[in-house]
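A short write-up of the structure that comes next.
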Amino acid sequence: MKEKKGKGLAKKPKVQRTTTTLAIGTIDIIKNTGINSPAFTVKVGKEILGRLEIGSGSLIWYAKNVQNPTKKLSWKEFAKLMES
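Take the sequence shown: its letters are residues 0 to 83, numbered as in numbering that gives the first Met the number 0.
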């Protein structure tokens with residue numbers, strides 16, 4: 000019997016995604032969770048303002064229609080910003 004040889008590529012693990020929508024006044028926050036840090040799409044009404052990623056060491060803000068981070072703050076920088 001002839002054996003089939005695989006190409007040695009492992010299958011990607013299946014990622015389970017959960018979507019939660021919260022309404023705070025006129026701001027909708029959509030949270031997608033997966034393997035990476037949670038990312039929030041921030042909206043006012045139907046207009047998207049940007050995306051906020053929350054990591055273990057920092058907060059990263061991406062403005063609307065931008066792929067590179069617009070602003071990155073460490074947790075210490077974020078705390079100073081909130082206290083001022």
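For each residue, glycine too, the CB sits at the ideal point set by N, CA and C. This structure is a prediction, so every number in the text was calculated from the model and none was measured.
Quiz prompt | Thr40 versus Thr69 - alpha carbon distance | solution = Spanning the two alpha carbons is a distance of roughly 14 Å.
query: Cα-Cα, which of Pro37, Leu80, Leu51 and Gly56 is closest to Val65?
result: Closest option to Val65, Cα to Cα, is Leu51.
Looking only at its own chain, which residues have a Cβ that is under 6 Å from the Cβ of Val58, when we skip the five neighbours before and after it? Checking the sequence shown, residue 58 turns out to be Leu, not Val. The answer, listed in chain order, is Leu72 and Phe77.
Checklist entry - What's the C-alpha gap between Val43 and Gly49? => result Their Cα atoms are separated by approximately 10 Å.
Classify Lys42 as helix, strand or coil using the three-state DSSP reduction. Strand at Lys42.
Report task. Kindly list the residues whose CB is nearer than 8 Å to the CB of Ser55, restricted to its own chain and excluding five residues on each side of it in sequence; keep chain order. Result -> Take Ser55, set aside five residues on each side of it, and the residues of its chain with a beta-carbon closer than 8 Å to its own are Ser36, in chain order.
**Q.** Per DSSP, cross-strand counterpart(s) of Ala62
**A.** As a beta-bridge residue in DSSP terms, Ala62 pairs with Gly49.
Let me check understanding here. Comparing Cα to Cα, which of Ser83, Glu82 and Lys45 lies closest to Lys63?
The alpha carbon of Lys63 has as its nearest neighbour, out of Ser83, Glu82 and Lys45, the alpha carbon of Lys45.
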